[in-house]
Amino acid sequence: MSDWTNDELMTVSAARALSAARTCFVGIGLPSTAANLARRTSRPDLVLIYESGALGSKPTRLPLSIGDGELAETADAVVSVPEMFNYWLQGGRIDVGFLGAAQLDRHANINTTVVDRGPGRPEGRLPGAGGAPEIAANCGEVLIVLRHSTRNFVDRLDFTTSVGHGAGNGDRRRLGLRGRGPVAVITDLGILRPAPDTAELVLTDLHPGVTVEQARAATGWPLKTADAVGVTAPPTDAELAALRGLKAA
Amino acid sequence: MSDWTNDELMTVSAARALSAARTCFVGIGLPSTAANLARRTSRPDLVLIYESGALGSKPTRLPLSIGDGELAETADAVVSVPEMFNYWLQGGRIDVGFLGAAQLDRHANINTTVVDRGPGRPEGRLPGAGGAPEIAANCGEVLIVLRHSTRNFVDRLDFTTSVGHGAGNGDRRRLGLRGRGPVAVITDLGILRPAPDTAELVLTDLHPGVTVEQARAATGWPLKTADAVGVTAPPTDAELAALRGLKAA
Amino acid sequence: MSEIRLLRDAVAQLIHDGDIVAFEGFTHLIPFAAAHEVIRQGITDLTLVRMTPDVIYDQLIGAGLVKKLVFSWGGNPGVGSLHRFRDAVENGWPRPLEIDEHSHAGMANRYVAGASGLPFAVLRGYRGTDLVERTNTVSTIACPFTGEELAAVAALNPDVTVIHAQQADRDGNVQLWGLTGVQKEAALAAKRVLVTVEEIVDRLTLRPGGVVLPSWVVTAVAEVPGGAHPSYATGYSIRDNDFYQAWDRISRDRQTFTGWVDDHILRTEEASAR
Amino acid sequence: MSEIRLLRDAVAQLIHDGDIVAFEGFTHLIPFAAAHEVIRQGITDLTLVRMTPDVIYDQLIGAGLVKKLVFSWGGNPGVGSLHRFRDAVENGWPRPLEIDEHSHAGMANRYVAGASGLPFAVLRGYRGTDLVERTNTVSTIACPFTGEELAAVAALNPDVTVIHAQQADRDGNVQLWGLTGVQKEAALAAKRVLVTVEEIVDRLTLRPGGVVLPSWVVTAVAEVPGGAHPSYATGYSIRDNDFYQAWDRISRDRQTFTGWVDDHILRTEEASAR
């Protein structure tokens, strides 16, 4: 087995989480890397959908932006942005939405808009919502990938950009959100999943060598753990080779 | 001057009424004949728009239906039917809408849905609304072409399918209809136009040889006449040749 | 992912008694062969949805399979009346026909709402007309920003949408081109989608004006060359205007119509095997 | 009908101080050259509308020409922050920037409403988010058929929409292809439309995925080869990802930015003569 980093295992784990997906709405960055890795490993038929209008893109290298030319050139079809959001995303046709976050709370709600920098200082500006609120609302389910730190995993969001499980179980239904919402948060330390009864994120898996204490220390709320915390399988040689090939291309 | 019929002069007059139009939403039948004649005579640049999705069709012969292949093949662009109605028609981009009618009342309201066949008998079924209600509502102005008879020009519609001037002047504004509505009704006897103060149709032009009495006898309400009733210019040789060429093609 | 099937099997598996079915195609690409298969299988009590019922629904209505019609323009395009439709509405032959009647703009937007996962759509339409009094699928709505009152129409979500396209590939991806009407919306609004195609090709080449429906939104594909006749498929056939004109005579009389259905639909078993 | 003009003249005639302007193009076909001409002419107090402000608006904001920004995602795609945008929002440099912030789905539908002549659009969005508290262009609306509550967004109708396309013909008909984003809607929603193109051709040949804007909905066309750089035009150029990465350094510091604008926009008079 080769050496690998926890960042690599995060991406590999995210790709593995797509094993049952047919269609995936892909944001740029970690989600795009993971989705393209899935196409090169366990899910060669995975349909990649980019909000720029490309349905079924088959990029040969990782796109820098969601508007890179290759996404359109290798797509089964290109549609307008309004059509993408209305007919394809809101129409409930996408199995999995893949999101990042700047801040995440214990119910997997997301902030990508502004951060509070303390009294007397102006809010720190983040890029904003983009497609995320409606991806979170309308995909069959949502995967979130982000690095584990108390800066990202916060007790209280400074701003709610996209709803995960709201204030807890049943809240999505109350809000009329039709997808199941976040089913896993995949980090460089392990995997968190919503508890069935409360929809609060609990630690269900740790990457090899990571301890529960490390994960707790990197989480801004008192992190609960599952009754039995699993250990993520390390990347296979094939997964690592595919990931590194993607990054080098 | 060749011999010509009042039916031919009706179509020629309708084509002439397009002299200031840039874009025309064309229904099949008399409107299509008139609009295609205009393209072959005074308005070679007239943009023909068919509800089937063709923008800027340049058919070489008269289409039988609004879905004939040539309409798409000669178009500047083909769009979906929802886009045609939402972006192009409702978006207020079409100068002139051209409509026929089964029944027309004195305020140029139109029935193409059902006719009352008297007590104890079922309503007579007509094709229905099609694009007409929104053509009448949203085009810059509307031209109506139909043969003059008491069967068509009625005192009271059996059903209002498309609004001309409603109950009279100001009614379009009250209803939120944004186009000017019908500006002329062109028949095989002459031309009727709404009076500026009441929006009631008055006889403004007669075809050569037709009398006011003939027009009144063919109208189901007491038809008013303009202070000075003009006489339509007979078809020119060029107009007749173009019209007959179209019909023969 | 869509499966490639025989038309007979696809119709039997996708369309059931009592279903809400949209056979779409705005004059172009009307899926006649699939409708004829419905007649052969006697699938009945249908609610049919279509902007322009056209000859295809005149045939299904005359065959007695239709309980309700949702539509916006019921004529024989360029020819005149649809006699079987009129006979059903006016005289209840061969059975009474319930109708839900709209304008084209309203119908198009009902499909858009259905495809968009929304319960309704908004348009500038219907104001001042009597159409609103005869349907419960038109209402009004006030703009929350300007207060202006607009029309709202209820979403259409057929159980099945049937369309005809020029091509599918072996994975069941579909492409149609030419006048593409409201087919994308009708397909995406439906629970199940059946596409008949002129031919199955190894690989789709994207066309100008082409509309692609990926395999994963199509339930079944059946190869039926000429399956739009007397309508047409751009690049494969032209509209049989003579048939549309002949239909006026065939359909005017109940017996002539029934004889035509017997001869041209019911007694064509070989067609059904496609 | 559109007129073919020099970029300098078209910008001067179509865009005025205080206008609401949308420069659209979703990553692809971003009309940078037109924005640079706005900077050269010093047209100011603009309200800029765009789903993804991107480097193009970072430049206009940093140049002090922007009063208000209407947008949905304000990053440097694939790179990181837009520093001039952040500096304006956080520190008011070079002037305070008012913002009206939405999601992509909301912005796309605001353009759709604008193009459709409607005052608002309906979508499943914004529910449960804090976005609604910071804007007065999102509201709720109840479905008149089901009672379900949905989001409503106010229509966008810019004074001017500027886009870049691959081709126009001599009559001013325009075609773009590749990722065509929200350009059709943005153009049809606007009072005036300026299109810069890679080239003017004798006759447009319709392309797969091509979007055509007929001459009669376009106000002016200017031939500006490379006018989307560092964005790109499918078939003509590729995205200059290196520039997008370099922009992070150029834009991080106020003085470096100002120097860059001086050198690359203001002191390029010859470009302005195109």
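Protein chains in written order, with the numbering used here: chain A, 1 to 249; chain B, 1001 to 1249; chain C, 2001 to 2274; chain D, 3001 to 3274.
We put the beta carbon where it would ideally sit given N, CA and C, even for glycine.
Nearest C-alpha to W1221 (chain B) among B:V1212, B:L1104, B:D1155: B:D1155. Bridge pairing for S3215 (chain D): absent [DSSP]. Within the segment 1070-1102 of chain B, the residues whose Cβ lies closer than 7 Å to any Cβ of chain D are, in chain order, D1076, A1077, N1086, Y1087, Q1090, G1091, G1092, R1093.
Within chain C, R2127, G2128, T2129 have C-beta atoms less than 8 Å from the C-beta of V1163 (chain B), given in sequence order. DSSP, read as helix, strand or coil, puts A2152 (chain C) in strand.
For F2023 (chain C), DSSP records a beta bridge to C:V2162. Contact between the segment 2210-2219 of chain C and the segment 2039-2051 of chain C is absent, with fewer than three C-beta pairs closer than 8 Å. In the assembly as shown, I3030 (chain D) is a buried residue. Its beta-carbon has 16 or more other beta-carbons within 10 Å.
Any Cβ of chain C closer than 8 Å to the Cβ of I1028 (chain B) would place that residue at the interface, and such an atom is present. In the displayed model, G3042 (chain D) falls within coil according to three-state DSSP, outside both helix and strand.
Taking H3104 (chain D) as reference, the option from D:R3050, D:T3129, D:V3217, D:E3090 with the minimal CA-CA separation is D:R3050.
One finds nothing in chain B with a Cβ atom closer than 9 Å to the Cβ of S3002 (chain D); even the nearest lies about 12 Å away. Rounded to the nearest whole angstrom, the CA to CA distance from W3073 (chain D) to G140 (chain A) is 23 Å. Pairing C24 (chain A) with A35 (chain A), the inter-Cα distance amounts to about 8 Å. The segment 2161-2172 of chain C and the segment 2216-2228 of chain C touch, with three or more beta-carbon pairs separated by less than 8 Å. Exposure of R1244 (chain B) is indicated by the presence of fewer than 16 other C-beta atoms within 10 angstroms of its C-beta. Note: K3067 (chain D) is not bridge-paired with any residue in the DSSP secondary-structure output. If you draw a straight line from the Cα of D2171 (chain C) to the Cα of E2003 (chain C), it comes to about 8 Å. Distance from the CA atom of S1080 (chain B) to the CA atom of S3116 (chain D), rounded to whole angstroms, is 14 Å. When rounded, the separation of the alpha-carbon atoms in R93 (chain A) and E3199 (chain D) is 38 Å. Using a CB distance below 8 Å, the part of the segment 51-70 of chain A facing chain C consists of L55, G56, ordered along the chain.
Around N2173 (chain C), the beta-carbon contacts reaching into chain A at under 8 Å are D76. DSSP, reduced to helix, strand and coil, places P1194 (chain B) within a strand of the structure shown. Residue D:V3079 holds the alpha-carbon nearest to the alpha-carbon of I3250 (chain D) among D:G3125, D:A3108, D:V3079.
Among the CB atoms of chain B, one or more fall inside 8 Å of the CB of S3116 (chain D). When 9 Å is used as the limit between beta carbons, L2123 (chain C) is near these residues of chain B: F1085, N1086, Q1090, E1134, in chain order.
If the five residues before and after N138 (chain A) are omitted, its C-beta is found closer than 7 Å to the C-beta atoms of L89, Q90, G92, R178, G179, all from its own chain and listed in chain order.
As summarised for the segment 3229-3265 of chain D, the continuous alpha helix (DSSP H) elements at least 4 residues long and confined to that stretch are 3241-3252, 3254-3261, given in chain order. Between T1074 (chain B) and P1063 (chain B), the C-beta spacing is not below 8 Å. I2141 (chain C): member of the beta strand (DSSP E) spanning 2138-2142, first to last residue.
The beta carbon of V3112 (chain D) lies closer than 6 Å to those of A3121, E3185 in the same chain, with the five residues before and after it left out.
By the beta-carbon neighbour count (other beta carbons within 10 angstroms, threshold 16), A2034 (chain C) is buried.
Nearest to L71 (chain A) by alpha-carbon distance, out of A:S52, A:V183, A:S19, A:N86, is A:S52. In this structure, the alpha-carbon of L2179 (chain C) lies about 40 Å from that of H3036 (chain D). At least one beta carbon of chain C lies nearer than 8 Å to the beta carbon of V47 (chain A). For A3222 (chain D), the closest alpha carbon among the candidates D:F3032, D:H3264, D:H3028 is that of D:F3032.
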